[in-house]
């Protein structure tokens with residue numbers, strides 16, 4: 004961007020159309036630079052906008068230097084876990100509930116979505132996630148009490164377990180939507196549509212078969 008004529012104020016230039024801004028902030032090896040064109044502005048308006056831009060860049064640099072600017076799903080999940088811990092402390096939810104949320108997130112949600120940016124989540128992704136969920140199997144070992152573990156058959160997860168994972172994901176994203184003031188909920192109107200498990204009916208005798216059996220006896 005062509006900056007124009009530099010003024011006495013660092014980061015502020017006069018242009019034929021108005022003013023232009025450029026702010027650069029360094030924090031160690033991190034450098035953040037932002038530029039902004041302000042057509043039709045007075046000097047006072049440009050000065051005020053420069054102050055706002057500088058504050059934004061400084062704040063971003065501080066956050067990124069602390070590793071807090073990353074917006075992956077995993078980063079937001081870790082924040083949510085802290086919120087759950089605070090709710091347990093206040094007595095708002097039971098410890099067992101928070102632990103189950105964490106377990107479902109770690110087992111079913113984060114392996115699929117964890118590396119994605121939270122802003123990239125779309126409703127269509129959750130339909131694909133359902134397909135992925137239905138193909139998953141339980142691990143061959145499961146953690147027990149006091150650091151112990153025991154073997155289990157790596158069978159597919161029960162529908163009820165996957166439905167709970169779905170509910171956990173929605174609860175998490177409800178929190179994200181409120182915390183980030185999202186205009187569109189990432190899960191949208193996607194429904195949990197994994198088919199119900201087949202129920203194997205018990206063998207029963209027809210009345211005629213029962214009578215025949217009695218006659219034989």
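Residue numbers (the numbering used here): 4 to 220.
From the three backbone atoms N, C-alpha and C, an ideal C-beta is built for every residue, glycine too.
These figures come from a predicted structure and were not determined experimentally.
Residue i lies in the beta strand (DSSP E); which residues open and close that run?
i          : result
residue 15 : 15-18
residue 77 : Where residue 77 is concerned, there is no enclosing beta strand (DSSP E), although the alpha helix (DSSP H) it sits in stretches over 76-93.
Applying the 10 Å Cβ sphere with the 16-neighbour rule, what's the burial state of residue i?
i           : result
residue 98  : exposed
residue 171 : buried
residue 132 : buried
residue 126 : exposed
residue 135 : exposed
residue 33  : exposed
residue 95  : exposed
Short of 7 Å in beta carbon distance, which residues of its chain neighbour residue i, apart from the five on each side in sequence? Order them along the chain.
i           : result
residue 141 : 155, 157, 158 and 160
For residue i, collect the residues of the same chain with a Cβ closer than 8 Å to its Cβ; drop the 5 residues on either side in sequence, then sort them by chain order.
i           : result
residue 118 : 75, 76 and 77
residue 174 : 104
residue 65  : 30
Excluding five sequence neighbours on each side, which residues of the same chain lie with their C-beta closer than 6 Å to the C-beta of residue i?
i           : result
residue 57  : 26
residue 179 : 79
Among the options, which one has its Cα closest to the Cα of residue i?
i          : options            : result
residue 62 : 125, 29 and 51     : 29
residue 42 : 59, 168, 107 and 7 : 7
At a Cβ threshold of 8 Å, is residue i touching chain D?
i           : result
residue 116 : This model lacks chain D altogether, as it is built from one protein chain only.
With residue i as the anchor, note down where its alpha helix (DSSP H) starts and where it stops.
i           : result
residue 103 : 98-107
residue 163 : 162-183
Does the segment 113-127 come into contact with the segment 156-166, if we say contact requires no fewer than three beta-carbon pairs (one atom in each stretch) closer than 8 Å? Here the segment 113-127 makes no contact with the segment 156-166; the two share fewer than three CB pairs at distances below 8 Å.
Closer than 8 Å is the cut-off here; do at least three beta carbon pairs connect the segment 47-54 with the segment 9-22? Judged by Cβ distances under 8 Å, the segment 47-54 makes contact with the segment 9-22, as three or more pairs qualify.
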